[in-house]
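J.: Starting off with a structure, shown below.
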DNA sequence: TCACGCCTTTACGTTAGCGTCAAACAACTG
DNA sequence: CAGTTGTTTGACGCTAACGTAAAGGCGTGA
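Chains as they are written, first to last, in the numbering used here: chain E, 1 to 129; chain Z, 1001 to 1129.
Dropping the structure here:
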């Protein structure tokens, strides 16, 4: 049995999350060492709540987008800056990031269009052969 | 003077391209060592043509999208597979890559939407304060 | 001729993001 | 009580993608 009480659906062990997201426990500990998540402790054992799980989802999405953990950390900071930060600074950071993402969106759409074109060419070749 | 004759606008030195794209000559040599580009030689000196320059643009776009050089290499292979490859294999690879890119597109749109939301929240806070 | 600027190759250094033991502890199970 | 399973903290290893000298060749201009 998991060291975390399964009667409480809000709690996850490190192995639970690793399995759910198809990553290693080592990776999760590494993210914690970098300050991306900070699960509670039950003695020495990590205990993850919904918040940690949600952050993990954001982390993995960031990775799919090719961001470094450093970038993801910055993004998470924006994300949970509901209160506690200088709003002006926050807005600035958000704007910066949005510009990068929109550049990336353009790149992505161009690339997808090109692949569609390549696919089309390939099909034409099949037909005419 | 550049070792490449400037009268011929089709030719670029390694420094020309490095400067134009804001990368190091080391990076360009590294890409060649990985087979992503293969400029001609004039003696020992690299001579880049339009094709090499075009490839470099694709490489840099791939990097902005967070792809590894290995991935970019695969992508380039699709790109110049106008002829010379098994069409069926080509189509398969294209399809694979398109799926990844469309996942990435979804991630990206979600992230952008979230940042817009955060920006909105921040603005509301300013107004109500 | 000699310094300069740009080119080359070789090679070691560096950072990120984990993988992979190792050693030790805690709880359950037969 | 021994064994299995899951946890912890080190600590060393590894690949990618270059950075950074070091040492030398080639052509030009004073």
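Every residue gets a Cβ at the ideal spot worked out from N, C-alpha and C, and that includes glycine.
(1) Please say whether residue 1078/Z and residue 118/E have beta carbons closer to each other than 7 Å?
(2) In chain order, which continuous runs of the alpha helix (DSSP H) of length 4 or greater are located wholly inside the stretch 5 to 53 of chain E?
(3) Ordered along the chain, which non-local residues of its own chain (more than five positions away) have a Cβ less than 6 Å from that of residue 1046/Z?
(4) Please confirm whether residue 107/E has its beta-carbon closer than 7 Å to some beta-carbon of chain Z.
(5) Excluding sequence positions up to five away, which residues of its chain have a Cβ less than 8 Å from the Cβ of residue 31/E?
(6) For the stretch 1107 to 1117 of chain Z against the stretch 94 to 105 of chain E, do three or more pairs of beta-carbon atoms, one drawn from each stretch, fall closer than 8 Å, so that the two count as touching?
(7) At least one CB of chain Z closer than 7 Å to the CB of residue 55/E: is that the case?
(8) So residue 1034/Z and residue 1073/Z are in contact, right, with Cβ under 8 Å, and what is the actual spacing, rounded?
(9) Which one of 1017/Z, 1029/Z, 1128/Z and 1116/Z has the shortest CA to CA distance from residue 1049/Z?
(10) What is the DSSP secondary structure of residue 86/E, counted as helix, strand or coil?
(11) Taking beta-carbon pairs under 8 Å, can you tell me which members of the stretch 85 to 100 of chain E lie near chain Z?
(12) Within 10 angstroms of its Cβ, does residue 52/E collect 16 or more other Cβ (buried), or is it exposed?
T.: Let me spell this out:
(1) For the pair residue 118/E and residue 1078/Z, the CB atoms are nearer than the 7 Å cut-off.
(2) Entirely contained in the stretch 5 to 53 of chain E, the alpha helix (DSSP H) runs reaching 4 residues are, in chain order, 14 to 21 and 25 to 33.
(3) If we look at residue 1046/Z and ignore the five residues flanking it on each side, its Cβ neighbours are 1014 and 1039.
(4) Judged by the 7 Å Cβ criterion, residue 107/E is in contact with chain Z.
(5) Cβ-Cβ distances below 8 Å link residue 31/E to 37, 56, 59 and 69 in the same chain, with the five nearest sequence neighbours on each side left out; the list follows chain order.
(6) As far as the Cβ criterion goes, the stretch 1107 to 1117 of chain Z touches the stretch 94 to 105 of chain E, which means the pair count is three or higher.
(7) So no, residue 55/E is outside the interface.
(8) Between the beta-carbon of residue 1034/Z and that of residue 1073/Z there is about 7 Å, and that keeps the pair under the 8 Å contact cut.
(9) When the alpha-carbon of residue 1049/Z is set against those of 1017/Z, 1029/Z, 1128/Z and 1116/Z, the nearest one is in 1017/Z.
(10) Coil at residue 86/E, not helix or strand.
(11) Correct list: 87, 90, 91, 94, 95, 97 and 98.
(12) Label assigned to residue 52/E: buried.
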